[in-house]
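Residue numbers (the working numbering): 4 to 521.
We put the CB at the ideal spot given by N, CA and C, even for glycine.
Beneath this line is the structure, given in structure tokens, with notes to follow.
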Amino acid sequence: MFTPSPQKLTILDWVSNGKGSAVVKAVAGSGKTTTLVDAVDLMQGRIFFGAYNKAIATEIAEKTGSRPGLFVQTMHAAGFSSWRKAAPMVKVDGNKCRDLYRAMAERLMAEAQQQYEEDKLSGQAPAPVVNLFPFEPAVLRLVSYAKQSAFGVKGYWPMEDYNGWLTMIDHFDVDTLGEDEQVIELSISLLKLSIENDIKVIDFDDMIYAPLIHNSHVWTYDWVLVDEAQDTNAARRALALRMVKQGGRLIAVGDPHQAIYGFTGADADSMELIANAVNAVELPLTVSYRCPKAVVKYAQNWVSHIQSADNAPEGEVCQITVPLASVVKPGDAVLCRFNAPVVEYAFQLIAAGIAAKVEGREIGAGLKALTRQWKVADYDALLTKLDDYCEKQVQKYLAKEQKGRAEGVKDRVRCLQVLIARAREVNPAPANPADVVCEQIDLIFGENVGKDVVLLSSIHKSKGREWKKVFWLQTGVSKWARKDWEKGQEDNLCYVAATRAKQSLCLIDISRKGKNGS
Numbered sequence: 004m005f006t007p008s009p010q011k012l013t014i015l016d017w018v019s020n021g022k023g024s025a026v027v028k029a030v031a032g033s034g035k036t037t038t039l040v041d042a043v044d045l046m047q048g049r050i051f052f053g054a055y056n057k058a059i060a061t062e063i064a065e066k067t068g069s070r071p072g073l074f075v076q077t078m079h080a081a082g083f084s085s086w087r088k089a090a091p092m093v094k095v096d097g098n099k100c101r102d103l104y105r106a107m108a109e110r111l112m113a114e115a116q117q118q119y120e121e122d123k124l125s126g127q128a129p130a131p132v133v134n135l136f137p138f139e140p141a142v143l144r145l146v147s148y149a150k151q152s153a154f155g156v157k158g159y160w161p162m163e164d165y166n167g168w169l170t171m172i173d174h175f176d177v178d179t180l181g182e183d184e185q186v187i188e189l190s191i192s193l194l195k196l197s198i199e200n201d202i203k204v205i206d207f208d209d210m211i212y213a214p215l216i217h218n219s220h221v222w223t224y225d226w227v228l229v230d231e232a233q234d235t236n237a238a239r240r241a242l243a244l245r246m247v248k249q250g251g252r253l254i255a256v257g258d259p260h261q262a263i264y265g266f267t268g269a270d271a272d273s274m275e276l277i278a279n280a281v282n283a284v285e286l287p288l289t290v291s292y293r294c295p296k297a298v299v300k301y302a303q304n305w306v307s308h309i310q311s312a313d314n315a316p317e318g319e320v321c322q323i324t325v326p327l328a329s330v331v332k333p334g335d336a337v338l339c340r341f342n343a344p345v346v347e348y349a350f351q352l353i354a355a356g357i358a359a360k361v362e363g364r365e366i367g368a369g370l371k372a373l374t375r376q377w378k379v380a381d382y383d384a385l386l387t388k389l390d391d392y393c394e395k396q397v398q399k400y401l402a403k404e405q406k407g408r409a410e411g412v413k414d415r416v417r418c419l420q421v422l423i424a425r426a427r428e429v430n431p432a433p434a435n436p437a438d439v440v441c442e443q444i445d446l447i448f449g450e451n452v453g454k455d456v457v458l459l460s461s462i463h464k465s466k467g468r469e470w471k472k473v474f475w476l477q478t479g480v481s482k483w484a485r486k487d488w489e490k491g492q493e494d495n496l497c498y499v500a501a502t503r504a505k506q507s508l509c510l511i512d513i514s515r516k517g518k519n520g521s
């Protein structure tokens with residue numbers, strides 16, 4: 004409990020006496036969700052409270068209590084409710100696109116094989132039959148991002164716009180194994196198949212995408228509240244705007260400096276896009292009630308207007324020069340800009356007898372797909388293949404000025420180099436080295452990792468979470484960050500890392516770390 008700040012009182016007064024819509028820009032830990040909860044008591048008519056995820060929706064529903072006309076849901080739940088009116092028999096299957104892709108790939112490969120045989124019999128030079136299964140992770144990611152980006156919805160990217168898909172590949176650093184054109188063609192085909200099957204079955208993305216792409220009925224409200232607005236993507240924003248009835252009002256609350264979009268598909272400028280769409284007024288929340296004074300002072304290096312509460316504890320920001328394993332404990336978090344150091348430190352902790360997990364099961368899936376791209380007899384051959392792959396892909400992306408994708412390739416390859424070294428220790432001469440590497444990937448990567456282990460995570464994956472003690476592996480800014488928006492992205496990542504700490508922020512400088520880990 005804390006005394007409402009003058010800024011919060013201004014927001015509540017605007018709800019009662021103001022007009023139109025508003026964007027509330029709130030710093031990390033400023034009680035933005037609590038502000039929305041208190042604002043609900045002042046609202047009339049039908050109210051939709053859009054929570055970022057199911058856990059937060061449950062928490063908000065407990066705080067607001069039951070009252071007529073108030074609907075506390077995620078945007079996905081709201082979209083699903085609307086789509087069931089159009090498709091009452093629809094089922095939800097998270098493997099929808101995976102199953103459709105595998106069936107499509109088998110069909111296309113069978114057709115290619117038949118054409119190969121016909122060309123061979125006729126004396127023509129047959130085109131080789133391409134194995135489409137290694138492209139599955141990239142295609143599934145792209146189709147998911149396409150749905151989140153409202154591809155094909157009026158006013159957004161046309162479904163077959165090649166540049167739109169290529170922009171998305173670059174923006175989200177999707178590894179196409181060097182075959183952009185083929186992956187894009189497969190993605191367009193899969194997206195169309197998915198849409199055709201929406202009446203029968205939908206996946207998580209379709210809950211929002213289906214009512215938009217089919218232009219079906221959407222429930223409308225006098226008030227639409229959007230929490231964590233900086234993490235909205237095009238589809239979420241489109242649905243939220245359609246939910247505001249004629250003459251209704253919208254409040255979007257978030258922190259533009261926490262817009263890092265990595266794993267959510269959100270747009271970096273989503274709050275500006277919302278503000279422009281509804282001609283919103285801007286209201287601030289600049290006092291952090293999560294972070295102690297020392298952490299807030301440190302976070303001001305990136306966001307000068309963040310303030311600490313008057314009664315906040317002092318806390319600490321310290322430099323760590325001793326081995327991580329000697330100071331970290333279960334329940335602590337270890338964050339880093341890149342994944343390769345996270346993987347390396349995870350194995351160091353495990354070797355020291357400390358339970359450790361890396362957040363991000365989908366990261367592990369991508370690494371496994373890359374590992375199984377080649378059939379090799381030993382680890383050295385796999386390392387050679389990786390080096391060749393890295394050199395070719397980095398050169399290709401740099402030639403196209405796609406620096407982020409080049410950096411992503413190098414990070415993934417470095418992750419696998421660490422994993423191969425670990426696999427070699429476990430099993431020096433296996434029949435299939437890829438199997439042992441994939442076993443090591445499964446060992447350390449997880450999702451929603453619990454408190455009984457040390458959690459290691461990229462800064463992107465730490466978004467929205469908090470810990471009493473945070474260890475930040477500082478690598479320095481990306482050498483590819485040269486444009487203004489790229490530098491802004493790096494600043495946002497630093498700000499997010501710093502403001503995860505509720506008591507202690509421990510800094511470990513690994514920017515001068517050599518390739519061999521020294």
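With fewer than 16 other Cβ atoms from the protein chains shown falling within 10 Å of its own Cβ, C321 counts as exposed. When the five nearest sequence neighbours on each side are left out, the beta carbons in the same chain lying within less than 7 angstroms of the beta carbon of Q116 are those of V132, in order along the chain. Between the stretch 324-344 and the stretch 500-510, the count of Cβ pairs shorter than 8 angstroms is three or higher; the stretches touch. With contacts defined as CB atoms closer than 9 angstroms, V229 and A243 qualify as a contacting pair. Looking at Y348, K99 and T179, the one whose alpha-carbon comes closest to that of L135 is T179. For C339, the uninterrupted beta strand (DSSP E) segment begins and ends at A336 to C339. Taking the C-beta atoms as reference points, P295 is found nearer than 9 angstroms to A315. If you check the CB distance, P326 and T478 do not come in under 9 angstroms. Taking the Cα positions, L194 is about 34 angstroms away from V439.
Boundaries of the beta strand (DSSP E) harbouring E362: A359 to E362, taken from the DSSP string.
Within the same chain, Cβ atoms closer than 6 angstroms to the Cβ of E450 are found at R364, the five residues on either side in sequence being excluded. For D335, the closest alpha carbon among the candidates Q351, D313, K360 and F341 is that of K360. If the five residues before and after E163 are omitted, its C-beta is found closer than 7 angstroms to the C-beta atoms of I191, all from its own chain and listed in chain order. Shown here, R101 sits in a helix according to DSSP, grouped into three states. The beta carbon of E319 sits closer than 6 angstroms to those of A297 and S507, all from its chain and outside the five residues before and after it, given in chain order. The residue among V227, M112 and A25 with its C-alpha nearest the C-alpha of N282 is A25. Taking C-beta atoms as the reference points, K35 and D391 fail to come closer than 9 angstroms. DSSP places E285 within a strand segment (E or B) once states are collapsed to three. Under the DSSP definition of a beta bridge, A54 partners with T77. Proximity to K157 across A108, Y498, E410 and I216 peaks at I216, based on C-alpha coordinates.
For D183, the closest alpha carbon among the candidates L145, H220 and D201 is that of L145.
With a contact defined as Cβ atoms closer than 8 angstroms, M78 and R239 qualify at about 5 angstroms. By the neighbour-count definition (other C-beta atoms within 10 Å, threshold 16), K471 is an exposed residue.
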